[in-house]
Each structure stands twice: as C-alpha cells, then as structure tokens.
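With the UniProt record's numbering, the residue at position 243 of the sequence shown is 243, and numbering never jumps.
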Amino acid sequence: MPSFDIAVIGAGIAGLNAANILHKAGHRVQVFEKSRGLGGRLATRRTDVGIFNHGAQFATARHPDFIRYLEQGVKAGIAQHWRPEKWQDGSDNETSALVPTGSLARDENSGRAETWYRGHPAMNNLVSALNTGFTIHRNVRIARIAPVSRNRFELLSHPVTLQQANPLSHGVFDGIIVAIPAPQSAEILMPLSPRFDVLDDVEIAPCWAVMLAFAPSNPIPYDVFASPDPAIAWIGRNPNGNTAAGNGEYTRWTIHASVEWSREHLEDKASNVAETIHDLAHHVFKKAGITLPQPVLKQAHRWRYARTTRPLGQSHIASADGRIIAAGDWCMGARIEAAYQSGESAAHAIMTSLQTPWLG
C-alpha cells in the first residue's frame with residue numbers, strides 16, 4: 001500500500017486518534033496544534049499547588065472500542081476508574097458543559113450504572129497512548145488550506161511578525177484532517193467548498209472554568225457537587241498528589257459555570273469571573289455544611305467552545321474527493337467517546353479516499 005503525507009489539525013482526542021491510526025498504517029503524519037498542550041478539552045493546568053483538570057472531568061464509554069481503549073489505559077497506568085462521592089441538593093439542572101451528557105450516575109440508554117474514567121495522574125494522560133511517534137508541531141495555528149495541484153494542499157499560518165508579510169508555509173500534503181471545534185473549522189474549510197457550509201449549523205456552548213485551591217482544612221466528604229446552583233453546573237475535586245510539596249496537601253476544585261451563565265458573562269474579565277464563581281461556590285459548600293478557608297489560588301479559564309448542543313449528526317464531513325475531512329466531538333455529540341470515534345472514522349475515510357483515483 002502506498003504511503004501518503006497527511007496533516008492533522010488539532011491534537012485533541014479526535015485528531016490524535018486519527019493520527020495514531022494513520023501512522024500505524026504506514027503514512028507520514030504531521031499534527032499541528034495551536035496550543036502547547038495535547039488533549040484539547042482533556043486539559044490539565046499545572047500550578048505551584050498542584051494540577052487542575054479544568055476541562056473535561058471524566059469520560060464514560062458505551063462502544064466496545066472505546067471501552068477497550070480506556071481499560072487498556074487503566075492497565076497501563078494512564079487511566080483509572082473514578083467513583084466519586086457525590087452531593088446533590090435534589091435539583092435537576094444540566095450537568096457540566098465539559099462533562100459527558102446524560103445522567104451523572106447511569107447510562108441514559110440502558111439505565112445501567114456507568115463506569116467513570118479519569119486520566120492518571122491528570123486528564124490529558126488519556127491521550128498519551130495515542131502519541132505513537134508521529135511529528136507534532138505545537139503552538140502553530142493553521143489559518144488556511146491552499147490547493148497547490150489537483151490533489152495536494154498546502155497548510156499556511158499567519159506571519160509571526162509584522163516584518164513577515166507572507167503567510168508561513170507548513171508543508172504540502174496529500175490529505176488533511178481538521179479536528180478542531182466546528183466554528184474554527186468553518187474559518188478554514190468553508191472557503192474551500194460549499195460542502196462545509198453545514199458547519200454553520202453546529203452549535204457549541206461556552207463554559208467558564210474556575211480553579212480554586214485551599215490549604216489543609218477539615219476533610220470534605222464529597223468529591224462532586226452536581227448542578228448545585230443555577231450559575232454552577234459542576235464542582236469537582238481534583239486528584240491528590242503532584243503538588244509542589246509532592247504530598248497532596250492542597251485541596252483543589254474545578255468549578256464549571258452553567259451554559260446560561262457562561263453565555264451571559266462570556267466577555268467578562270477572568271479575574272471577575274473567578275471572584276464571582278468563588279463567592280457562589282462558597283454558598284454551595286455552606287449548604288453542604290462545609291466552611292472553606294480563603295483560597296490560596298483562584299484562576300479562571302474561558303472555554304469558548306465547550307459542549308456541543310447541536311451536533312452535525314454524522315461521524316465526519318469531507319470534500320476534495322474525501323482528501324479534506326472535518327472531524328470532532330461536534331460531529332456526533334458532546335461526549336469524549338464521540339470525539340474518539342469521529343477521529344477513527346475520519347482516518348479510515350481518508351485512507352480509502354487516498355487509494356481512490358482523483359475524480360476532480
């Protein structure tokens with residue numbers, strides 16, 4: 001089988017799964033990621049007081065392939081089962097924008113108890129098994145795909161400095177998978193083909209995430225507060241260990257604001273968001289009979305594209321005779337599993353297309 005040059009834009013679980021499959025099939029793969037970390041919304045922030053999973057908090061699995069992947073991660077020590085102690089006040093609000101949709105405790109289709117998985121020691125470790133030796137370019141934001149022949153395409157980014165008038169080229173490829181949020185994909189892909197106009201139909205809600213750390217205090221019997229306030233969708237305790245002292249002495253919480261609150265305050269300053277959500281969280285803990293000390297760390301992170309609320313309804317979308325493909329969780333839903341499956345589907349689709357004579 002011939003080998004092809006394939007670019008993957010985005011190093012979330014969809015992009016990395018696609019790249020992993022393509023690399024193992026013998027293709028020359030390069031991944032381009034706009035940030036310095038891998039995993040996309042499987043995000044981890046490292047601080048002087050320890051790590052924060054400030055993106056997705058856990059994963060669930062229904063498809064045998066993804067169950068197998070997560071269980072292999074457990075055996076390899078990069079994932080673990082998570083059975084948190086949950087506090088709920090009886091309300092029936094939505095779950096976190098970055099948490100898988102559905103019941104917090106049960107599979108919404110079968111009614112059976114779901115297994116929760118976390119990356120170990122941090123959420124972004126869930127993708128470490130997918131980084132299998134292909135090239136990853138970090139801190140590179142691709143701005144344009146330019147056809148250079150009937151069946152090859154150049155990746156371009158904006159100039160780094162004002163003195164560089166021309167876009168920067170990052171190579172010419174036989175096929176490209178774009179695995180980033182739908183609105184960002186649309187900026188790159190809609191100028192190429194009207195096939196990608198459906199990207200405008202996808203809806204993704206934002207989420208403000210606030211990270212709070214507290215010095216040692218009385219033990220707290222809960223790990224999760226689910227939908228505890230109209231403005232808060234989720235409060236979750238971060239895993240112990242990996243602090244500056246190495247002994248897990250700080251208690252660290254991630255708080256996800258609700259979709260409605262995040263939309264209303266989307267352009268607020270991060271410092272103001274952190275202050276407001278901290279005050280609201282203080283009242284939530286107080287309702288649970290817990291008095292918190294003043295935090296030793298208080299930070300906010302805005303996820304402009306957090307949870308898919310209206311998906312595309314198919315595993316991927318393609319143009320250029322299947323040589324340019326868009327993929328991601330937004331194709332099939334808000335679950336981490338949906339991103340994994342979309343990346344797999346895109347990889348197999350582009351391999352099929354590259355084996356087919358160019359029809360354009």
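We put the beta carbon where it would ideally sit given N, CA and C, even for glycine. Treat the numbers as computed from the prediction; the structure is a model and nothing was measured.
Asked: Check: residue 83 C-beta below 7 Å from any heavy atom of the ligand COA; Found: Looking at this structure, you won't find the ligand COA or any other ligand, since it has none at all.
Asked: Helix, strand or coil at residue 66 [DSSP, three-state]; Found: helix
Asked: Inter-residue spacing [alpha-carbon to alpha-carbon] between residue 347 and residue 77; Found: 27 Å
Asked: Assigned exposure category for residue 11 - 16 Cβ within 10 Å defines buried; Found: buried
Asked: Burial state of residue 344 (16 or more Cβ within 10 Å); Found: buried
Asked: DSSP state of residue 338 mapped onto helix, strand, coil; Found: helix
Asked: Presumed contact (8 Å Cβ cut-off) between residue 117 and residue 58, rounded CB distance; Found: 6 Å
Asked: Cut-off 7 Å between Cβ atoms - residues of its own chain near residue 88, not counting five sequence neighbours on either side; Found: 226
Asked: Contact the stretch 23-39 vs the stretch 195-215: 3+ CB pairs below 8 Å; Found: no
Asked: Endpoints, the alpha helix (DSSP H) within which residue 185 is located; Found: 182-189
Asked: Of the residues 330, 326, 317, the one placed nearest residue 306, counting alpha carbons only; Found: 330
Asked: Buried or exposed by the 16-neighbour rule on C-beta atoms within 10 Å, applied to residue 174; Found: buried
Asked: Cβ distance (whole Å) where residue 253 is taken to contact residue 238 below 8 Å; Found: 7 Å
Asked: For residue 345: DSSP bridge partner residues; Found: For residue 345, which the question treats as bridged, DSSP gives no partner whatsoever.
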